[in-house]
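S.K.: In this note's numbering, the protein residues as written are -19 to 300.
We put the beta carbon where it would ideally sit given N, CA and C, even for glycine.
All values derive from a computational prediction rather than experimental measurement.
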């Protein structure tokens, strides 16, 4: 392959990776899909490709759809029962973030909800919401009619909105303060304060410290508070599982504030928060090691703020 063709592909690699990540919810799978697309680009008769960007978008989208369908056919994952992979702020795979819709489409909240969509609904939704493709182009990418594209996007929007808290974006500094207060209550055993800091319809989802076969879901603020209090209570078993005594940092993950548990410069768990109207509306706990690989790579190159809790031990409440 000549250098011009390689340069043409590399110029669009970031956009393709961002598209694949939104479709698959996994950075590793997204990288594999983009690499597969590169091999197809390498083997293609490129002189017959009129618009390379459109051709590559279609190839990556369909490679992702094949992966989604194959995983479901093999029962490797139940629909709606897989946690997306969190990414640290600044990761190029997070992709376009110029509009509210683009930022929403890569939030852990929406990525989790998109797991419940059919593969085609998910693809149509992502192409429309995150990349602003017109329905005529979506139809061409997915080999469906323009009317079908409109219907898929409409159904996807409706299903996401049915469980998605609507509202304006929250100022990052304000959101961080709420998370700091919530963490202080969680680590001090003040369950009643945790309840006060949760919205009336607060929810939580966890992968059970990476050990549960299915996601654990909590749907009342009392249950969420109990889950959080138990989760943030240090025990010898948790310290052994973490591989040491974690420090807690707060950093943006997929556009939202998150608490990162770090042992020896290794992130062992992430709790991402969604804040609304001055309270915590949802939490997502992720500790499966295979979901933290890329975040850890970024963390090792990151200059973090001082930890809000330097050592996770009984009675540690020194939130800075």
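Relative to the C-alpha of residue 235, which candidate in 223, 96, 105, 152 has its C-alpha closest?
M.R.: 152
S.K.: Report buried or exposed for residue 59, applying the criterion of at least 16 other Cβ atoms within 10 angstroms of its Cβ.
M.R.: With a pLDDT of only 46 at residue 59, under the threshold of 50, the placement of this residue in the model should not be trusted, and no figure is reported.
S.K.: I believe residue 39 touches residue 17 by the beta-carbon criterion, under 8 Å. Please report the beta-carbon distance rounded to the nearest angstrom.
M.R.: 5 Å
S.K.: Which residues mark the beginning and the end of the beta strand (DSSP E) in which residue 255 is found?
M.R.: 246 to 256
S.K.: Look up residue 1 in the DSSP assignment and say whether it is helix, strand or coil.
M.R.: Collapsing the DSSP output to three states places residue 1 in a helix.
S.K.: Would the segment 241 to 252 and the segment 265 to 278 be scored as touching if the rule is three or more Cβ pairs under 8 Å?
M.R.: yes
S.K.: Does DSSP put residue 46 in a helix, in a strand, or in coil?
M.R.: It is helical.
S.K.: Here's the rule: buried if 16 or more other CB atoms are within 10 angstroms of the residue's CB, otherwise exposed. What is residue 196?
M.R.: exposed
S.K.: Comparing C-alpha positions only, which one of 155, 198, 262 sits nearest to residue 232?
M.R.: 155
S.K.: For residue 85, count neighbouring Cβ atoms within 10 angstroms of its own Cβ and tell me buried if that reaches 16, exposed if not.
M.R.: buried
S.K.: Taking the beta strand (DSSP E) that residue 198 falls in, what are its first and last residues?
M.R.: Unbroken beta strand (DSSP E) run through residue 198: 196 to 198.
S.K.: Taking one C-beta from the segment 197 to 204 and one from the segment 175 to 184 each time, how about it: are there three or more such pairs within less than 8 Å?
M.R.: Touching, yes.
S.K.: Could you give the distance in angstroms between the alpha-carbon of residue 282 and the alpha-carbon of residue 172?
M.R.: Distance between the alpha carbons of residue 282 and residue 172: 35 Å.
S.K.: Using beta-carbon positions only, say whether residue 6 and residue 74 come within less than 8 Å of one another.
M.R.: Not closer than 8 Å, so no.
S.K.: Contact between the segment 86 to 98 and the segment 137 to 145 is defined here as three or more beta-carbon pairs at a separation below 8 Å; is this criterion met?
M.R.: yes
S.K.: Compute the Euclidean distance between the alpha carbons of residue 210 and residue 216, then round it to the nearest angstrom.
M.R.: 13 Å
S.K.: Would you mind sorting residue -16 into buried or exposed? The rule is 16 or more other CB atoms within 10 Å of its CB.
M.R.: exposed
S.K.: Along the chain, where does the beta strand (DSSP E) that runs through residue 228 open and close?
M.R.: 227 to 233
S.K.: How many Å lie between residue -8 and residue 122 at the Cα?
M.R.: So the alpha carbons of these two residues sit roughly 20 Å apart.
S.K.: How do the segment 124 to 136 and the segment 103 to 112 stand: do at least 3 beta-carbon pairs fall below 8 Å, yes or no?
M.R.: yes
S.K.: Ordered along the chain, which non-local residues of its own chain (more than five positions away) have a Cβ less than 6 Å from that of residue 222?
M.R.: 243, 248
S.K.: Assign residue 219 to one of three DSSP states: helix, strand, or coil.
M.R.: helix
S.K.: Among 270, 224, 245, 272, which one has its Cα closest to the Cα of residue 285?
M.R.: 245
S.K.: Can you say whether residue 208 is buried or exposed, counting buried as having 16 or more other CB atoms within 10 angstroms of its CB?
M.R.: buried
S.K.: In the DSSP assignment, find the beta strand (DSSP E) that holds residue 260 and state where it starts and stops.
M.R.: 259 to 266 is the span of the beta strand (DSSP E), which, as asked, contains residue 260.
S.K.: If you draw a straight line from the alpha carbon of residue 270 to that of residue 170, how long is it in whole angstroms?
M.R.: 32 Å
S.K.: Enumerate in chain order the residues of its own chain whose CB-to-CB distance from residue 212 is below 6 Å, with the five nearest sequence positions on each side excluded.
M.R.: 166, 167
S.K.: My output table needs one value for residue 174: the three-state DSSP class, helix, strand or coil.
M.R.: helix
S.K.: Over the uninterrupted beta strand (DSSP E) stretch that includes residue 236, give me the two end residues.
M.R.: 236 to 243
S.K.: From residue 20 to residue 48, what distance separates their C-alpha atoms?
M.R.: 19 Å
S.K.: Between the Cα of residue 35 and those of 2, -4, 83, spot the shortest distance and give me the residue it belongs to.
M.R.: -4
S.K.: Go ahead and label residue 27 buried or exposed: buried means 16 or more other beta carbons lie within 10 angstroms of its beta carbon, across all protein chains shown.
M.R.: exposed
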